[in-house]
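Read the structure below first, then the notes.
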Amino acid sequence: MKTVREFATARAAGRPISMVTCYDAWSARIIERSQVDCILVGDSAAMVMHGYDSTIPATPEMIATHVAAVRRGAPTKFVIGDFPFLAHRQGTAHAAVVADQLMKAGAQAIKIEGVRGHEEVVGGLVEAGVPVMGHLGLTPQSVHQLGGFRVQARDAAAARSLLEDARTLERLGCFSLVLEAVPSAVAEKVTATAGIPTIGIGAGPETSGQVLVLHDLLGIDDTFQPRFVRRYLEGHELIQRALNGFAEDVQGRRFPAEEETYHAARPNGRGVASAAR
Ligand code: KIV
């Protein structure tokens with residue numbers, strides 16, 4: 242996917258959209274060569290890359306640094322940069338500065354959690370030419386207000402209110418909407434009534450697309466296995482095995498071998514290894 246228009250055409254054609262998070266250049270390079278449609282440089286970077294226990298410590302500078310690295314690794318993928326905690330609650334002018342930072346770093350769109358109380362910011366950014374992806378349901382930046390990372394919109398009133406918020410985001414001009422940790426029936430209803438694609442995470446199969454945190458789908462943390470994650474790799478085990486293989490080879494003096502070793506030039510000038518990798 243290269244432009245926002247392709248989100249609309251995918252939805253119209255009933256073609257599911259795939260999105261993964263990414264925060265660095267080396268994994269972006271792998272995603273660049275994959276069939277995954279687009280990349281979210283989420284504020285989950287604060288947890289996945291920096292080891293915090295919530296996304297609250299993320300800053301515009303942190304996200305912009307990750308966006309720039311991802312853009313260098315994945316020059317042709319559609320990249321969305323996340324607005325961090327409270328970046329959209331300090332007025333339209335401040336939001337414009339943050340959007341400018343993320344887009345100059347290489348994002349083609351930004352994502353903002355919630356909508357109530359910052360409708361003007363979302364509308365103002367759209368009007369200024371910034372493609373905005375909404376995010377409803379479990380909005381992790383509100384973790385302390387929600388009392389934990391919990392499924393949202395489980396009762397009828399909360400589901401109605403989520404539906405209203407989705408309509409507001411659509412009216413404000415958002416090009417798509419992430420639905421996180423909501424009952425499948427609620428996500429299905431939003432998807433059926435919204436005129437924009439929905440991208441679900443823990444929202445069942447009826448959304449216009451799915452997003453997963455890259456490290457979750459690769460099984461990098463073997464202690465994290467929530468219901469909504471499908472692991473496509475036991476990354477933790479594979480990486481652990483590789484590291485132990487290296488350590489054991491070093492300890493057993495099996496690494497480096499002859500073919501991994503440089504030698505001084507022979508007197509006839511031949512045999513100098515180049516510094517090529
Ligand atoms: O920050 C993030 O990774 C996200 C996704 C979980 C949707 O917002």
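Residue numbers (the numbering used here): 242 to 518.
In this text, a Cβ means the ideal position worked out from N, Cα and C, and glycines have one as well.
Would the stretch 379-386 and the stretch 349-369 be scored as touching if the rule is three or more Cβ pairs under 8 Å? yes
Let's see if you can read the secondary structure: which residues bound the alpha helix (DSSP H) around Gly332? Gly332 to Lys345
Short Cβ contact (8 Å threshold) for Gly378 with Ala397: no
Name the DSSP bridge partner or partners of His376? Glu354 and Val419
Contact test: Glu421 Cβ vs the ligand KIV heavy atom, cutoff 7 Å: yes
Near Gly283, which residues of its chain fall below 6 Å by C-beta distance, leaving aside the five closest residues on each side in sequence? Thr262 and Asp323
Give the single residue among Arg507, Ala251, Ser285 and Arg256 whose Cα lies nearest to the Cα of His456. Ser285
Would Ala426 be called buried (16 or more neighbouring beta carbons within 10 Å of its own) or exposed? exposed
Using only alpha-carbon positions, find the residue among Val289, Gly375, Lys318 and Ala328 that is nearest to Gly347. Lys318
Start and end of the beta strand (DSSP E) containing Asp294? Per DSSP, Asp294 belongs to no beta strand (DSSP E) and is neither H nor E.
Between the stretch 397-414 and the stretch 427-438, do three or more beta carbon pairs fall short of 8 Å? yes
Going by beta-carbon coordinates alone, are Leu453 and Ile461 separated by less than 8 Å? no
What is the DSSP secondary structure of Met242, counted as helix, strand or coil? coil
Segment contact, 8 Å Cβ cut-off, at least three pairs: the stretch 255-273 with the stretch 300-313: yes
Since Thr439 sits in a beta bridge, which residues does DSSP pair it with? Leu418
Does the ligand KIV have even one heavy atom less than 7 Å from the beta-carbon of Leu410? no
Quick one: what does DSSP say Gly450 is sitting in, helix, strand or coil? strand
Opposite Ser259 in the DSSP bridges: which residues? Gln451
Is there at least one non-hydrogen atom of the ligand KIV closer than 7 Å to the beta-carbon of His456? no
DSSP state of Phe319, grouped into three classes? strand
Using alpha carbons as the reference points, say which of Pro257, Ile480, Gly450 and Gln451 lies closest to Asp463. Ile480
Among residues of its own chain, excluding the 5 on either side of Pro257, which ones have a beta-carbon nearer than 6 Å to its beta-carbon? Gly450
Mind checking whether Val423 and Val392 have CB atoms under 8 Å apart? yes
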